[in-house]
Amino acid sequence: MTALDRVPSLLTRAGTASALTLAAVGGSIAVPGVASQASAATTATKALHVAASKKGSPYQWGATGPKRFDCSGLTLYSFKKAGKKLPRTAAAQYNKTRHISSSHRKAGDLVFFHSGSYVYHVGIYAGKGKIWHAPKTGEVVRLQKLWTKSVWYGRVR
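Its first residue numbered 743, the sequence shown is counted upward by one per residue in the working numbering.
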(Lines of atoms letter the chains of each structure in order from A and count residues from 1; the text may use other names and numbers.)
(Lines give C-alpha, C1' and ligand atoms only; values in the text may rest on other atoms or scores of the structure.)
Protein backbone atom coordinates (compact mmCIF):
# COMPACT_ATOMS: atom_id res chain seq x y z
CA MET A 1 0.00 0.00 0.00
CA THR A 2 1.42 3.39 -1.01
CA ALA A 3 0.92 6.72 0.74
CA LEU A 4 -1.51 7.69 -2.01
CA ASP A 5 -3.63 4.60 -1.27
CA ARG A 6 -3.95 5.79 2.35
CA VAL A 7 -5.32 9.23 1.43
CA PRO A 8 -9.01 8.19 1.24
CA SER A 9 -8.84 6.62 4.71
CA LEU A 10 -7.05 9.69 6.05
CA LEU A 11 -9.80 11.87 4.59
CA THR A 12 -12.50 9.66 6.08
CA ARG A 13 -10.96 9.75 9.55
CA ALA A 14 -10.16 13.46 9.51
CA GLY A 15 -13.25 14.59 7.63
CA THR A 16 -11.22 17.10 5.63
CA ALA A 17 -7.63 17.55 4.64
CA SER A 18 -5.50 20.60 4.06
CA ALA A 19 -3.35 21.04 0.99
CA LEU A 20 -0.31 20.49 3.23
CA THR A 21 -1.69 17.16 4.48
CA LEU A 22 -2.29 16.00 0.94
CA ALA A 23 1.19 17.08 -0.10
CA ALA A 24 2.73 15.32 2.90
CA VAL A 25 1.24 12.00 1.89
CA GLY A 26 2.01 12.55 -1.78
CA GLY A 27 -1.59 12.95 -2.87
CA SER A 28 -3.03 15.10 -5.58
CA ILE A 29 -6.74 14.95 -4.88
CA ALA A 30 -8.93 17.86 -5.95
CA VAL A 31 -10.83 19.13 -2.93
CA PRO A 32 -13.35 21.89 -3.75
CA GLY A 33 -12.27 25.26 -2.38
CA VAL A 34 -8.86 24.13 -1.15
CA ALA A 35 -6.87 24.96 -4.28
CA SER A 36 -8.16 28.53 -4.56
CA GLN A 37 -7.56 29.19 -0.84
CA ALA A 38 -4.06 27.71 -1.07
CA SER A 39 -3.12 29.79 -4.10
CA ALA A 40 -4.56 32.94 -2.50
CA ALA A 41 -2.54 32.30 0.65
CA THR A 42 0.58 31.75 -1.44
CA THR A 43 0.05 35.02 -3.33
CA ALA A 44 -0.57 36.98 -0.13
CA THR A 45 2.47 35.41 1.54
CA LYS A 46 4.66 36.22 -1.46
CA ALA A 47 3.44 39.83 -1.50
CA LEU A 48 4.11 40.14 2.23
CA HIS A 49 7.68 38.87 1.75
CA VAL A 50 8.25 41.26 -1.14
CA ALA A 51 7.08 44.20 0.99
CA ALA A 52 9.33 43.10 3.87
CA SER A 53 12.28 42.87 1.47
CA LYS A 54 11.84 46.59 0.74
CA LYS A 55 12.49 47.54 4.37
CA GLY A 56 14.39 50.83 4.49
CA SER A 57 13.38 51.96 0.97
CA PRO A 58 12.61 55.69 0.96
CA TYR A 59 9.08 57.04 0.65
CA GLN A 60 8.45 59.09 -2.47
CA TRP A 61 4.99 60.30 -3.44
CA GLY A 62 3.90 58.62 -6.69
CA ALA A 63 6.72 56.04 -6.66
CA THR A 64 5.99 52.38 -7.45
CA GLY A 65 9.45 50.88 -6.92
CA PRO A 66 11.71 49.15 -7.12
CA LYS A 67 13.80 51.50 -4.96
CA ARG A 68 11.26 54.11 -3.77
CA PHE A 69 7.58 53.80 -2.89
CA ASP A 70 4.49 55.58 -1.73
CA CYS A 71 1.94 53.52 0.22
CA SER A 72 -0.12 52.18 -2.68
CA GLY A 73 3.02 51.91 -4.81
CA LEU A 74 4.42 49.42 -2.28
CA THR A 75 1.27 47.29 -2.27
CA LEU A 76 0.98 47.45 -6.07
CA TYR A 77 4.64 46.43 -6.48
CA SER A 78 4.44 43.65 -3.88
CA PHE A 79 1.36 42.01 -5.36
CA LYS A 80 2.62 42.44 -8.91
CA LYS A 81 5.75 40.48 -7.95
CA ALA A 82 3.45 37.86 -6.40
CA GLY A 83 1.46 37.59 -9.64
CA LYS A 84 -1.58 39.81 -8.98
CA LYS A 85 -2.46 43.12 -10.58
CA LEU A 86 -3.78 45.96 -8.40
CA PRO A 87 -4.95 49.46 -9.34
CA ARG A 88 -2.65 52.40 -8.57
CA THR A 89 -4.30 54.23 -5.64
CA ALA A 90 -5.25 53.11 -2.13
CA ALA A 91 -8.95 53.87 -2.73
CA ALA A 92 -8.99 51.98 -6.05
CA GLN A 93 -7.20 49.05 -4.37
CA TYR A 94 -9.85 49.01 -1.64
CA ASN A 95 -12.58 48.85 -4.27
CA LYS A 96 -10.81 45.93 -6.00
CA THR A 97 -10.42 43.72 -2.89
CA ARG A 98 -12.85 41.40 -1.13
CA HIS A 99 -13.70 43.26 2.07
CA ILE A 100 -13.22 41.28 5.26
CA SER A 101 -13.72 41.90 8.97
CA SER A 102 -10.83 42.42 11.36
CA SER A 103 -11.65 39.07 12.98
CA HIS A 104 -10.99 37.33 9.64
CA ARG A 105 -7.84 39.25 8.66
CA LYS A 106 -4.76 37.24 7.75
CA ALA A 107 -1.15 38.06 7.03
CA GLY A 108 -0.97 39.36 3.48
CA ASP A 109 -4.34 41.12 3.56
CA LEU A 110 -4.40 44.81 2.75
CA VAL A 111 -5.10 47.30 5.53
CA PHE A 112 -6.86 50.49 4.45
CA PHE A 113 -6.83 53.59 6.62
CA HIS A 114 -9.89 55.76 6.27
CA SER A 115 -11.55 58.91 7.48
CA GLY A 116 -15.28 58.45 7.02
CA SER A 117 -15.60 56.89 3.58
CA TYR A 118 -12.30 58.37 2.32
CA VAL A 119 -9.44 55.83 2.05
CA TYR A 120 -6.12 57.67 2.44
CA HIS A 121 -3.45 55.02 3.20
CA VAL A 122 -2.75 51.32 2.65
CA GLY A 123 -0.33 48.72 3.98
CA ILE A 124 0.04 44.93 4.07
CA TYR A 125 -1.01 43.14 7.25
CA ALA A 126 1.92 41.22 8.73
CA GLY A 127 0.07 39.61 11.65
CA LYS A 128 0.10 40.42 15.37
CA GLY A 129 -1.37 43.88 14.78
CA LYS A 130 1.48 45.06 12.52
CA ILE A 131 1.73 46.22 8.92
CA TRP A 132 4.42 46.76 6.31
CA HIS A 133 3.93 50.17 4.72
CA ALA A 134 5.54 53.26 3.22
CA PRO A 135 4.44 55.88 5.78
CA LYS A 136 5.13 59.39 4.44
CA THR A 137 7.72 61.81 3.07
CA GLY A 138 10.97 61.63 5.02
CA GLU A 139 10.34 58.06 6.22
CA VAL A 140 11.12 54.59 4.88
CA VAL A 141 9.28 51.33 4.30
CA ARG A 142 8.93 49.65 7.67
CA LEU A 143 7.04 47.27 9.91
CA GLN A 144 4.84 49.18 12.32
CA LYS A 145 2.14 48.45 14.87
CA LEU A 146 -1.34 49.59 13.85
CA TRP A 147 -1.98 52.92 15.54
CA THR A 148 -5.71 53.35 14.91
CA LYS A 149 -8.88 51.32 14.70
CA SER A 150 -10.06 53.37 11.69
CA VAL A 151 -9.03 50.68 9.26
CA TRP A 152 -10.74 48.35 6.83
CA TYR A 153 -9.32 45.08 5.52
CA GLY A 154 -9.33 43.72 2.02
CA ARG A 155 -8.19 40.44 0.51
CA VAL A 156 -6.69 40.47 -2.96
CA ARG A 157 -8.62 38.11 -5.26
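Yeah, the Cβ is synthetic: ideal placement off N, Cα and C, and Gly gets one too.
How many angstroms separate the CA atom of Trp874 from the CA atom of Gly858?
Rounded to whole angstroms, Trp874 to Gly858 spans 23 Å at the Cα level.
Short of 6 Å in beta carbon distance, which residues of its chain neighbour Pro808, apart from the five on each side in sequence? Order them along the chain.
Result list for Pro808: empty, nothing under 6 Å.
Here's the rule I'm using: 16 or more other beta-carbon atoms within 10 Å means buried, otherwise exposed. How should Ser843 be labelled?
Label assigned to Ser843: exposed.
Rounding to the nearest angstrom, what Cα-Cα distance links Glu881 and Ser799 in this structure?
Roughly 9 Å separates the two Cα atoms.
Using a C-beta cutoff of 8 Å, does Lys838 count as contacting chain D?
Note that chain D does not occur in the displayed structure, where there is just one protein chain.
Return helix, strand or coil for Ala868, following the three-state DSSP convention.
If DSSP states are grouped into helix, strand and coil, Ala868 belongs with the strands.
So what's Ser857 in DSSP terms, helix, strand or just coil?
Looking at Ser857 - three-state DSSP - the assignment turns out to be strand.
With H, G and I counted as helix, E and B as strand and the rest as coil, what does DSSP make of Leu792?
Looking at the sequence provided, one finds Val at residue 792 rather than Leu. Note: Val792 maps to helix in three-state DSSP.
When burial is assigned at 16 or more other CB atoms within 10 Å of the CB, is Tyr860 buried or exposed?
Its Cβ having fewer than 16 others within 10 Å, Tyr860 is exposed.
Along the alpha helix (DSSP H) that carries Gly815, what are the first and last residues, could you check?
Note, Gly815: alpha helix (DSSP H), 813-823.
Would you kindly work out how many angstroms separate the C-alpha atoms of Thr806 and Tyr867, rounded to a whole number?
Their backbone Cα atoms lie some 19 Å apart in a straight line.
Name, in chain order, the residues that DSSP records as bridge partners for Arg899.
In the DSSP output, where bridge partners are listed per residue, Arg899 has none listed.
Taking Ala834 as the reference, which of Ala824, Gly825, His856, Arg847 has the closest Cα?
Nearest of Ala824, Gly825, His856, Arg847 to Ala834, Cα basis: His856.
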